[in-house]
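*Asks:*
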Amino acid sequence: MALDPQLLEILACPEDKGPLLYFADESSLINPRLSRRYTVREDIPIMLVEESETISDSELARLLAKAESEGISPTFGA
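Quick note on numbering: the sequence shown equals residues 876 to 953 in the working numbering.
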């Protein structure tokens, strides 16, 4: 099950308050500005900075390419 579209419209990074990219098939939300990944567990986004992970430049590049090819839009502001 994917996250509720209404929830996605308001989800923001708790660190910089900016939009995120949601990858349902990878159960994660990505902040491309900070190279940070937030996990989604059992359809609940874990939006705690201390529980997030920093992703490598190569992983960020892969995810940005995937977002572009699959038409994944930011959670808001797009």
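Ideal Cβ positions, reconstructed from N, Cα and C, are used throughout, including at glycine.
How would you call T950, buried or exposed, if buried means at least 16 neighbouring beta carbons within 10 angstroms?
*Replies:* buried
*Asks:* What are the residues that DSSP puts in a beta bridge with V924?
*Replies:* DSSP lists no partner for V924.
*Asks:* Buried or exposed for R908, please, with buried defined as at least 16 other CB atoms from any protein chain shown within 10 angstroms of its CB.
*Replies:* exposed
*Asks:* If we require 3 or more residues per run, which beta strand (DSSP E) segments fall completely within the region 893-942?
*Replies:* 896-898, 903-906 and 911-916
*Asks:* Leaving out five residues before and five after A940 in sequence, what residues of the same chain have Cβ atoms less than 7 Å from its Cβ?
*Replies:* none
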